[in-house]
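A.B. asks: Residue numbers (our numbering): 32 to 252.
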Amino acid sequence: MNGIESFEPAFRRLTELILDWNQRINVTAITDPVEFYNKNVLDSLELVGHGELESAKRVMDLGTGGGFPGLPLAIACPDKEFVLVDSVAKKLKVVRSVADELGLQNVTVIHARAEELAADPEFRENFDLVVSRAVANMSTLSEYCLPFVKAGGNFVAYKTMSAAEEIEAAANAVKKLGGAPAEIRPYSGSESGHCFAVVRKISATPKAYPRKGGQPRKSPL
Ligand code: SAH
């Protein structure tokens with residue numbers, strides 16, 4: 032396997048900056064740069080080339096943590112606007128610093144819980160695309176993400192093929208929230224066992240959703 036020297040410069044810098052911050056603020060369990068690059072940076076970039084991303088102008092990454100997939104996508108797509116949301120402020124401090132150090136002008140960082148932010152008209156049904164990785168099961172995640180998607184836009188969850196049943200089980204939730212049935216789309220040309228769950232939004236999300244008080248997680252639709 033090639034070393035870090037072979038990475039494309041902006042993504043190499045991203046890897047170095049995050050791992051440097053990680054020594055002070057824990058945002059990832061992976062500390063080896065090559066492993067970090069493969070599991071976080073390259074994995075995030077898998078969505079590049081897919082129509083849902085290419086056609087989007089305004090993208091949200093819900094539960095971005097240390098900035099994944101949001102930061103790699105923002106580097107790859109400088110003409111799109113990225114809003115990176117997380118409920119844990121210290122992780123966002125890392126994300127903000129790294130975005131500044133990389134000179135990314137297309138990244139906004141928002142400290143909020145999805146359930147509360149979704150009531151804000153500046154955010155609700157205001158995104159062409161909402162992406163999310165490793166945040167919650169598909170039912171819960173649909174309730175967090177679909178309220179932010181415009182009708183005609185998309186919600187894309189980074190999942191593994193082993194989540195196929197979980198994605199299937201979210202069919203009812205997706206429908207109630209205004210989504211078309213999820214398409215499970217394996218990563219192209221790879222045997223990683225990873226996939227995207229792609230949900231097109233076909234009608235407005237009823238005002239009752241997302242429910243407050245941890246309900247989406249405690250009692251998924
Ligand atoms: N997407 C990142 C981080 C995954 S960890 C990655 O793939 O590496 C899950 C993150 O989701 C955590 O940082 C957590 O704070 C955030 N999160 C969980 N529930 C949330 C909610 N309801 N609203 C906002 N952020 C949430």
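C-beta atoms are modelled at their ideal positions from N, C-alpha and C, and glycine is treated no differently.
For VAL230, which residues from the same chain have a beta carbon less than 6 Å from its beta carbon, with the 5 sequence-adjacent residues on both sides left out?
C.D. replies: PHE186, VAL205, GLY210 and ALA213
A.B. asks: Give the straight-line distance between the Cα atoms of ARG155 and GLY34, rounded to the nearest whole angstrom.
C.D. replies: 42 Å
A.B. asks: So the beta strand (DSSP E) TYR189 belongs to, where does it begin and stop?
C.D. replies: 180 to 191
A.B. asks: Could you name each continuous beta strand (DSSP E) segment of 3 residues or more that falls completely within the stretch 153 to 241, going from the start of the chain to the end?
C.D. replies: 158 to 164, 180 to 191, 214 to 217 and 225 to 231
A.B. asks: What did DSSP end up calling ASP92 once you bin it into helix, strand or coil?
C.D. replies: strand
A.B. asks: What first and last residue would you give for the alpha helix (DSSP H) that runs through GLU112?
C.D. replies: It is not in any alpha helix (DSSP H) - GLU112 instead sits in the beta strand (DSSP E) that spans 112 to 117.
A.B. asks: Could you spell out the range, first to last residue, of the alpha helix (DSSP H) harbouring LEU125?
C.D. replies: A small fix is needed here, since residue 125 is Val in this sequence, not Leu. Segment 120 to 132, the alpha helix (DSSP H) holding VAL125.
A.B. asks: Would you grab the beta carbon distance between LEU252 and LYS207 for me? Rounded to a whole angstrom, and I think it's under 8 Å.
C.D. replies: 6 Å
A.B. asks: Beta strand (DSSP E) containing ILE141: first to last residue?
C.D. replies: 138 to 142
A.B. asks: Please classify SER173 as buried or exposed, where buried requires at least 16 neighbouring CB atoms within 10 angstroms.
C.D. replies: buried
A.B. asks: Closer than 8 Å by C-beta to ILE181: which residues in its own chain qualify, once you throw out the five before and the five after it? Chain order, please.
C.D. replies: Ile is not the amino acid found at residue 181; the sequence shown has Lys there. Only GLU156, ASN157, PHE158, ASP159 and LYS232 meet the Cβ criterion.
A.B. asks: Determine whether the beta carbon atoms of ALA105 and LEU135 lie at a separation below 8 Å.
C.D. replies: yes
A.B. asks: Is the Cβ-Cβ distance between LYS48 and VAL166 less than 8 Å?
C.D. replies: Note on residue identity: the sequence assigns Leu, not Lys, to residue 48. Not a contact, by the Cβ cut-off of 8 Å.
A.B. asks: In whole angstroms, what is the alpha-carbon distance linking VAL90 and LEU102?
C.D. replies: So the alpha carbons of these two residues sit roughly 11 Å apart.
A.B. asks: Have a look at GLU199 and PHE227 and give me their C-alpha separation to the nearest angstrom.
C.D. replies: 13 Å
A.B. asks: To the nearest angstrom, how far is the alpha carbon of ALA188 from that of PRO64?
C.D. replies: 25 Å
A.B. asks: At a threshold of 7 Å, does TYR240 count as lining ligand 1 (C-beta to nearest heavy atom)?
C.D. replies: no
A.B. asks: Is there at least one non-hydrogen atom of ligand 1 closer than 7 Å to the beta-carbon of GLY94?
C.D. replies: Yes - ligand 1 has a heavy atom lying nearer than 7 Å to the Cβ of GLY94.
A.B. asks: What's the C-alpha gap between VAL126 and LEU93?
C.D. replies: 13 Å
A.B. asks: For a test of the three-state rule: what should DSSP assign to THR62, helix, strand or coil?
C.D. replies: Coil.
A.B. asks: Quick one, are the C-beta atoms of ARG164 and PRO100 less than 8 Å apart?
C.D. replies: yes
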